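Below is one structure; the comments refer to it alone.
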Amino acid sequence: MPSLPTTNYKYDYQLVPDDGEHVEKRRANTKKRLLFHFVAVMAVLYAAFSGIRYGARAGWLKGCAGKMRYSTKTQLPSHYTLPSGDKIPSVALGVWQAGKGEVGQAVKVALDAGYRHIDGAWIYRNEEEVGQALKESSVPREEIWLTSKLWNTFHAPEDVEPALDESLAKLGTDYLDLYIIHWPVAFKKGSNNELDEQLTADPYPTWQALEALVDKGKVKNIGVSNFNIPRLANLTANNLKYRPAVNQVELNFWNPQPDLLKWAKEHNLLLEAYSPLGSNKQVKETLERPEIQQIAKDLGITPAQVIISWHVQRGTVVLPKSVTPSRIQENFKVTALPDDAFAKLEAAATAHPPQRVVNPSKNWGLPFDVFEDYPY
Ligand SMILES: NC(=O)c1ccc[n+]([C@@H]2O[C@H](COP(=O)([O-])OP(=O)(O)OC[C@H]3O[C@@H](n4cnc5c(N)ncnc54)[C@H](OP(=O)(O)O)[C@@H]3O)[C@@H](O)[C@H]2O)c1
Ligand SMILES: *[C@@H]1O[C@H](CO)[C@@H](O)[C@H](O)[C@H]1NC(C)=O
């Protein structure tokens, strides 16, 4: 099995041709923007000064110095902006392993708690119940970010749209906000995990079928999941009409993937953190880590909130799964960690050898490790 290629990773974001017209427009816009910024800055300064004067008089600022044990960060982002311009909420409810009879309730509790992002997949076999819950909720469809994933047996270009249609029908909607290739692994149609080597080695034909769904208006954004850097580099070396908006990967205390995160940031690719708490196998060990317990205690928040906040502060979307109402509510409350607490947690997470929770390579009988080997 050959080792990872050392290509220089080409990742080209230029979606709009950079012709003269755009340059002219941009110049005009820049002038407008400068004026707007000037006015905005003056307004903020005015508001801040009056606020401080008023606050000082009202006695708000008393005791502040004593409480501020850490340097404070501003708020965490509630959304990230994708190349399409769409804003994806930074915290989602994950619904893998959310069973029949519990997932619908979980979705309802989440919407009531303020979640506006559900991370699902065809293979989770619960899209119907998720759809039913969405239908029964009073939150309008357009306020909810819905993600689903293309399963491995549907990578043949002609199978992509029917697979999406099935998810749409089950979810009871006519579009998805995000559709992603679940794994960089293609199985032959109708087979029991029989590898389609060609579509696994080169996912571009599958990607083109996804691009066609964007053009049809059936999906707003497309992305990938479980792609390592060489695979991202290979896919994006094609002349893509739409580049991947996200790569959804395992990110948690045990497998924080700092190199992939760095690469993604350099290439303006948003990562989504799956199994953010360590999944059901490792969640207990994660929440019991002394570093996490300490930070939780210092800040007066829960260990799960420390971890989920850490993910957003790293600049990723985070997808915690729970079917327990109190936990669903708990997990939505993210808060910026003080810089030193963030640094401590980052150091602790990257100090030990990385350990994956999710790796189906062996279960699927793959002749390679999906995360380590490419091409194989
Ligand atoms: N793209 C992919 O290949 C892929 C792979 C894996 C996961 N995902 C996505 O990522 C989501 C999350 O991943 P995951 O389900 O593996 O792991 P996770 O969210 O890290 O962990 C879920 C486990 O943690 C428990 N839990 C949740 N909040 C808790 C809290 N506040 N305190 C204590 N325990 C808590 C849950 O229990 P209860 O539910 O019983 O409350 C469940 O057992 C999935 O649902 C899915 O959407 C994607
Ligand atoms: C991606 O990798 C496959 C398999 O090695 C190769 O056939 C294909 O040409 C590569 N694509 C690009 C654009 O380099």
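Under the UniProt record's numbering, the first residue of the sequence shown is numbered 1, with each subsequent residue one higher. By construction, the Cβ of each residue, glycine as well, lies at the ideal position given by its N, Cα and C atoms. Just so you know, these numbers come straight off a predicted model, no measurement behind them.
Could you please give the first and the last residue of the uninterrupted alpha helix (DSSP H) stretch that includes residue i?
i	result
Pro230	229-236
Tyr204	204-215
Lys284	279-287
Gln105	103-113
Pro338	Unbroken run through Pro338: none, as it is neither H nor E.
Glu266	258-266
Thr200	197-201
Lys135	127-136
What's the C-alpha gap between residue i and residue j?
i	j	result
Trp263	Ala304	26 Å
Glu193	Val130	Contrary to the premise, residue 193 reads as Asn rather than Glu in this sequence. In a straight line, the C-alpha of Asn193 is about 27 Å away from that of Val130.
Leu232	Tyr204	11 Å
Trp310	Val185	30 Å
Val323	His37	44 Å
Thr74	Arg314	14 Å
Lys362	Phe368	8 Å
Tyr179	Leu213	9 Å
Arg57	Arg327	At Arg57 the pLDDT is 42, less than 50, meaning the model places this residue with poor confidence and gives no usable figure here.
Ile144	Tyr374	36 Å
Pro157	Lys281	35 Å
Ser225	Glu272	9 Å
Pro338	Glu266	24 Å
Arg26	Phe253	Caution applies to Arg26, whose pLDDT of 45 falls short of 50 and renders its modelled position unreliable; the value that the coordinates give is listed next. Using only the alpha carbons, I get a separation of about 42 Å.
Ile308	Ile88	16 Å
Pro276	Ser84	26 Å
Phe332	Ala106	13 Å
Asp174	Tyr242	21 Å
Arg356	Asn228	14 Å
Val283	Ile118	20 Å
Asp202	Lys135	38 Å
His79	Val317	8 Å
Val370	Val358	11 Å
Leu171	Tyr115	17 Å
Thr302	Glu102	24 Å
Glu166	Ser137	22 Å
What does residue i pair with, by DSSP beta-bridge criteria?
i	result
Asp119	Gly94, Thr147
Ile88	Tyr80
Val317	Glu272
Gln248	Ser225, Glu272
Leu171	According to DSSP, which records beta bridges pairwise, Leu171 is partnered with nothing at all.
Val219	Leu176
Could you check which residue in the options has the C-alpha nearest to that of residue i?
i	options	result
Glu291	Gly278, Phe342, Gly120	Phe342
Glu346	Ala121, Pro256, Leu299, Leu270	Pro256
Leu146	Leu195, Val219, Ala351	Val219
Leu93	Leu76, Lys87, Asp112	Asp112
Ser191	Thr153, Thr316, Ala209	Thr153
Asp298	Leu270, Phe332, Asp340	Asp340
Ala349	Trp183, Thr286, Val109	Thr286
Gly278	Ser225, Ile295, Val249	Val249
Ile181	Ile222, Ile301, Leu195	Ile222
Gly365	Phe332, Asp196, Val306, Ala169	Asp196
Val306	Gly104, Glu330, Arg116, Glu128	Glu330
Gln124	Trp96, Asp215, Lys321	For clarity, residue 124 is Tyr in the given sequence; the question names Gln instead. Nearest option by C-alpha distance: Trp96.
Gly120	Glu102, Phe332, Leu319	Leu319
Ala98	Phe371, Ile229, Leu164, Asn126	Asn126
Lys344	Thr316, Gln293, Val109	Gln293
Thr206	Pro230, Leu171, Asn228, Pro244	Pro244
Ile295	Trp122, Ala336, Leu251	Ala336
Asp215	Leu261, Leu176, His79	Leu176
Lys149	Asn247, Glu142, Val358	Asn247
Pro360	Pro353, Ala351, Leu82, Glu372	Glu372
Gln208	Thr236, Trp122, Lys189, Pro230	Thr236
Ala163	Lys189, Thr81, Glu142, Arg141	Lys189
His352	Arg289, Leu168, Ser137	Arg289
Gln198	Ser138, Gly217, Pro325, His155	His155
Over the uninterrupted beta strand (DSSP E) stretch that includes residue i, give me the two end residues.
i	result
Ile180	178-181
Glu291	Run containing Glu291: none in the beta strand (DSSP E); it sits in the alpha helix (DSSP H), 290-299.
Ser225	222-225
Ala186	Counting along the chain, Ala186 falls outside any beta strand (DSSP E), and DSSP gives it neither H nor E.
Are the C-beta atoms of residue i and some chain B residue less than 7 Å apart?
i	result
Phe154	Of the protein chains in this structure there is only one, and it is not chain B.
Residue list, Cβ distance to ligand 2 heavy atoms smaller than 5 Å: Ordered along the chain, the selected set is Ala201, Asp202, Asn234, Ala237, Asn238, Pro375.
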